[in-house]
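Have a look at the structure below, then the notes.
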Amino acid sequence: MAKYRYGALMRYANMLGFGQIHTKLDHETGLHALIAIHNIELGPAIGGCRCFTYESTTSATKDVLRLAYMMTLKAAISGLPHGGAKAVIIRPKKIKDRRAFFHSFGDFVHQMNGHYITACDVGTSPEEMNIIAERTPYVIGATSLSSYQSNPAEHTARGVLRGIQAAVKHRLHHDDISGLRVSIQGLGNVGYDLARLLHDRGAIITATDPNSDKIQQAVDELGIQAVSLDGIYDIPSDIFSPCALGGTLNLNTLNRINTSIIAGSANNQLAHKKYIHLIQQKNILYAPDYLI
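According to the numbering used here, the sequence shown holds residues 7 to 298 in order.
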């Protein structure tokens, strides 16, 4: 990482009040991971583990800092006795031994001495949490640690649905979402579950996703209208729901979006906080991810 970029990131971390930033590079397994612990004043910090193909260590560091900070806000607004943290794994081209890879990450989590509790995020699932749980108890979402078998994405989607319903009642003065047009950006674990919940309640859904198989599944099972990745911004809707990776709401996309409500599961949806003023100018009700 270039010195000036590193310095800028550390100034950014200091500005956000970060307590700890850790990194691990395991040449044997190929693991390159970062854990950012933002705050532990109210209790152990919680936050998911994202396994993603980052362009650089710089982009991974920036992502983990922003995500961890948002986890503090999520925990606080939910009244939880926890602070916020996040882990990112810079996914290699090929994971040679998946169990050894996530065992190494589990050891990394355990080295935090309980200050960080990990969970599922983009690129990880309960299966990975089960492997991690073989090395540390500081994990949420591992089915091996509980008799309660459930996919965390289902609960996340239901929480986003409740947020959308509240936004619809406040902004559109509707008691239900039947007949409303919803544009969903991303049909990953949470996005697809959200689409199903909205479909069951009579919403008219347009969606996009880079996975053509997932799109076809949604067309066949839910009767959605499929559009291109870029075309989603040009579809008039009552609700625009970002459920993919963050940073998709920028000057270009916000000028194209024609909607009344923005509410989705994606983290850090705004490319920059300054774009909140554009959302206000367009009279769009924005329900940020840490709220819903």
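The C-beta atom is built at its ideal place from N, Cα and C for all residues, glycine as well. Only a predicted model underlies this, so the values are computations on that prediction, with no experimental measurement involved.
Report the option in the options whose CA atom is closest to the CA atom of residue i.
i	options	result
G169	I298, K99, I27	I298
N136	D215, L255, N157	N157
L37	D236, H161, I221, D103	D103
T324	Y75, E227, L235, I230	Any question about residue 324 goes unanswered here, given that the chain covers just 7 to 298.
M76	A19, V115, Q117, F111	A19
G270	Q171, R56, D181	Q171
T162	A125, E227, F107, S110	A125
L204	K80, D219, A224, I83	A224
T265	F114, P248, G253	P248
Could you name the residues that DSSP lists as bridge partners for residue i?
i	result
R187	I210
I52	G90, I123
P248	Q191
L255	L276
Y292	I268
A232	A213
Can you tell me whether residue i is buried or exposed, with buried defined as 16 or more other CB within 10 angstroms of its CB?
i	result
Q191	buried
R262	exposed
L255	buried
P242	exposed
E61	exposed
K9	Per-residue confidence for K9 stands at a pLDDT of 48, beneath the threshold of 50, marking its modelled position as unreliable; no derived number is given.
E134	buried
N45	buried
S184	exposed
N274	buried
A66	buried
I96	buried
Report yes if the C-beta of residue i is less than 7 Å from at least one heavy atom of the ligand GTP; otherwise report no.
i	result
I183	What this structure holds is no ligand at all, so the ligand GTP is not there to describe.
Starting from residue i, trace the alpha helix (DSSP H) both ways and give me its first and last residue.
i	result
Q275	Premise fails: Q275 is in no alpha helix (DSSP H) and is neither H nor E.
A305	Limits of the chain in this structure are 7 at one end and 298 at the other, which puts residue 305 out of reach.
T78	63-83
G169	158-177
In the DSSP assignment, find the unbroken beta strand (DSSP E) run with residue i in it and report its ends.
i	result
H28	26-32
If you scan the segment 108-144 from start to end, which runs of the alpha helix (DSSP H) of 4 or more residues do you find wholly inside it?
-> 132-138
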